[in-house]
Structures are given as structure tokens and as C-alpha cells.
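Sequential numbering of the sequence shown, starting at 4, is according to our numbering.
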Amino acid sequence: MRQLLGILILSMIFVGQSTAQVSKFKVIPIGFYNFENLFDTIDQENDDAEFLPSGTRHWDGVKYRDKLSKLDEVVSQIGTDLSPDGLAIIGVAEIENAGVLADFAKQRRVANRNYQYVHYESTDRRGIDVGLLYNPKYFKVQHSSIHPLIIYNEDSTRNYTRDILLVGGLLDGDQIFILVNHWPSRRGGEAATAYLRNTGADICKAVSDSLNQVHPDAKVIVMGDLNDDPTSPSIKKHLGAQKSKKKVKKDGFFNPFEQYYLDGIGTLAYQDAWTIFDNIIISYGWLAPKSGYQFYKSAIFNKPFLIQKTGRYKGYPFRTFDFDLYVGGYSDHLPVCIYVVKKV
Numbered sequence: 004m005r006q007l008l009g010i011l012i013l014s015m016i017f018v019g020q021s022t023a024q025v026s027k028f029k030v031i032p033i034g035f036y037n038f039e040n041l042f043d044t045i046d047q048e049n050d051d052a053e054f055l056p057s058g059t060r061h062w063d064g065v066k067y068r069d070k071l072s073k074l075d076e077v078v079s080q081i082g083t084d085l086s087p088d089g090l091a092i093i094g095v096a097e098i099e100n101a102g103v104l105a106d107f108a109k110q111r112r113v114a115n116r117n118y119q120y121v122h123y124e125s126t127d128r129r130g131i132d133v134g135l136l137y138n139p140k141y142f143k144v145q146h147s148s149i150h151p152l153i154i155y156n157e158d159s160t161r162n163y164t165r166d167i168l169l170v171g172g173l174l175d176g177d178q179i180f181i182l183v184n185h186w187p188s189r190r191g192g193e194a195a196t197a198y199l200r201n202t203g204a205d206i207c208k209a210v211s212d213s214l215n216q217v218h219p220d221a222k223v224i225v226m227g228d229l230n231d232d233p234t235s236p237s238i239k240k241h242l243g244a245q246k247s248k249k250k251v252k253k254d255g256f257f258n259p260f261e262q263y264y265l266d267g268i269g270t271l272a273y274q275d276a277w278t279i280f281d282n283i284i285i286s287y288g289w290l291a292p293k294s295g296y297q298f299y300k301s302a303i304f305n306k307p308f309l310i311q312k313t314g315r316y317k318g319y320p321f322r323t324f325d326f327d328l329y330v331g332g333y334s335d336h337l338p339v340c341i342y343v344v345k346k347v
């Protein structure tokens, strides 16, 4: 039997009129995780004062190494239920620079995956960026670029925020495209700031439309902390993501996390209610491909150790800080993933 890249072979049974046929599939997990303020301890030109040893949070080497170890603990487990190598690709948000990605990739539990990364410095005022980690055993990067959000506040001042990262490459031979996002926050009010996130959605839709012109039925993934829930206008109207796969048009998207949201399941909590800002949204090309990988299922990684047990945030994702008090958690967001499969 030929070697299958170390990916677990999933057996699915399709029942016909008189016999049952067993088909085998290769499974690849793809994820997204907001690393929640993964700063190093070195003073940079950005506004990182609070994440320095002399800052209000007394961010030192001990805390930094513990944060890396905790993120390693989480990422090392995601997707291993169906693939021994875990996440082949993971988009991340709230990282300070390429150095923290390099430090993460060296962590004990994930080091053998040989994660490589794609990162560009953004103009975000806090100095946090998005990035993409990938296992070169499964994914080969062909090109990457950034798409800045040129947006302005109501007083006409520039809102310096995270760029959208586009990475194209081959997933075990399949041409795919990934857009990693961290859209502007709701600070100032959800309605008052909606236009900022709508702009992010418009950019993703325009990029996807362009890709579909060159690559019909392109396999596009829009992932990230969108700072909007799956039913917000940015995602539903501007991006055009559907809850039902049957309603997705050739130039449209399917959001497998909308049903979680409607069922009261979330990736972060606010005012004692769960919501989903962390999404992995996929294009039509993943739903009915002529060949190659197709969407199988989605998941929110919500193991009990990721939930805070005491304090004012009891029941919330176990964060690193309670305001300026260090509590030593993981992130204030839960990670999400999808599984894509290909018949062998």
C-alpha cells in the first residue's frame, strides 16, 4: 500500500441499493487561532510598552516562554483525532512579529512538524499582525501578498489596522488560496464601527472574485478573527457567506461555524454570552470539487483545560491576563479548524 503522507485514512461507507462500498480518504486539518497578544520582551518601534519587563504587565522571559509553551500545548492537539500530524496549516492573529512565530515553531510538542511561516509587518498601531504557519510536508507556498485595509475613522484620521494576508500554494498537490484576517474591533460601538469590518469583507470578496476568474471554482479559505459574528452584515451580506451548503453559489461562500453560533456555541465570551468571531469560511470550490480535496467537517477546539475555572471570567476561555493581573492562561479565544478530505 502506498504511503499517505502520514495522514490517517478515513473510511466512509456509502450504502447503495444492495451493497455497501467502503471508500478511503486522506484527511487534512486546517485551523485558525488568535494567539492573544503574543509579544516578545524586546522593545520595538510599535506601541508594545505594556508588554515589556518594565511595562504595566511586567512581561518578561518567564511569562513569554510560558505563553509559548501553552500555545504549543493547544496547537499540538488540534486535528490529531483524524490526522496524526495535526494541523497542516494554521492561521494566527495577535502576533508581534516573525520572531515570535519562529519561537513558537521550535516548541517541544510541535517542533517535529517543522512549521514554516508567512508573515508581513503591518501598520497596526499596536504592532500586532496576522500570520500563517504551515507544515511543508503537506503545503507548499507558491506566492504570498498583503492587502491593506485603507480605512478612516469618523474624524477622517487613518485607522491603522492589520493587513489581510493572502497565501497561495499547493495542498498535497491541490491549488488553494488562504486569506488570513483580523478585522478592526468593535471599540466605539458595533454599529458605529461596522463599516470598518465591511471593508475587510469587501476586500476578501474582491480577491476571491479575482481568483475565480483565473482559477474557476478556486478553493479559497477566508479565516480569522473577524470581530463580527457569523450573522453580521460583513459576513452575510458583504462576503456572502451562507449557512447552508445548498445555497452557496459558484462565486459564494459557506460558513460552517454559523450553525454553532445559532446553537449558542462560541469561540469567545462577552458579557456572559458566547459568540463566534473566529471563523473559517470556504468557497464553493471546496464543496463540489471536480477533483482533489473537499470540505468534510468543522470543529471548535474547546477542551476543558482551555476554560477558566475561577474568578470574574469563570466559564470563559482561559486568558493570559485579567486586565493587568497575570493569570497564566492560553488565550481569550478558542481555536477553530476544518477538515478537508480526498478520496484515495
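Every residue, glycine too, gets a C-beta built ideally from N, C-alpha and C.
Any idea which residues DSSP pairs residue i with across the strands?
i: residue 223; result: 180
i: residue 277; result: 272
i: residue 96; result: 37, 133
i: residue 208; result: In the DSSP output, where bridge partners are listed per residue, residue 208 has none listed.
i: residue 146; result: 171
i: residue 339; result: 35, 303
i: residue 346; result: 28
i: residue 257; result: 245, 285
i: residue 61; result: DSSP lists no partner for residue 61.
i: residue 228; result: 185, 281
i: residue 320; result: 310
How is residue i classed by DSSP in three states: helix, strand or coil?
i: residue 312; result: coil
i: residue 288; result: helix
i: residue 152; result: coil
i: residue 107; result: helix
i: residue 239; result: helix
i: residue 297; result: strand
i: residue 328; result: strand
i: residue 75; result: helix
i: residue 161; result: strand
i: residue 244; result: strand
i: residue 121; result: strand
i: residue 43; result: coil
i: residue 69; result: helix
i: residue 21; result: At residue 21, the pLDDT of 35 sits below 50, so the modelled position is not reliable; the number obtained from the coordinates is stated separately. Here residue 21 sits in coil by DSSP.
i: residue 85; result: coil
i: residue 115; result: helix
i: residue 213; result: helix
i: residue 199; result: helix
Relative to the C-alpha of residue i, which residue among the options is closest?
i: residue 284; options: 339, 315, 309; result: 339
i: residue 241; options: 229, 205, 250, 265; result: 205
i: residue 96; options: 218, 64, 252, 185; result: 185
i: residue 327; options: 68, 60, 106; result: 60
i: residue 117; options: 277, 123, 107, 124; result: 107
i: residue 92; options: 64, 103, 113, 192; result: 113
i: residue 105; options: 134, 218, 80; result: 134
i: residue 202; options: 310, 293, 187, 215; result: 187
i: residue 85; options: 230, 27, 257; result: 27
i: residue 215; options: 178, 237, 341; result: 178
i: residue 180; options: 189, 289, 70; result: 289
i: residue 147; options: 130, 157, 171; result: 171
i: residue 321; options: 309, 329, 315; result: 309
i: residue 198; options: 49, 231, 218, 32; result: 231
i: residue 31; options: 81, 75, 51, 56; result: 81
What whole-angstrom Cβ distance do residue i and residue j have, given they're in contact under 8 Å?
i: residue 173; j: residue 143; result: 5 Å
i: residue 252; j: residue 287; result: 7 Å
i: residue 149; j: residue 123; result: 5 Å
i: residue 255; j: residue 262; result: About 17 Å; that fails the 8 Å criterion.
Exposed or buried, residue i, counting other C-beta atoms within 10 Å across all chains shown (16 or more means buried)?
i: residue 166; result: buried
i: residue 24; result: Per-residue confidence for residue 24 stands at a pLDDT of 46, beneath the threshold of 50, marking its modelled position as unreliable; no derived number is given.
i: residue 331; result: exposed
i: residue 247; result: exposed
i: residue 100; result: buried
i: residue 19; result: In this prediction, residue 19 has a pLDDT of 37, which is less than 50 and means its spatial position is unreliable; nothing more can be read from the coordinates.
i: residue 46; result: exposed
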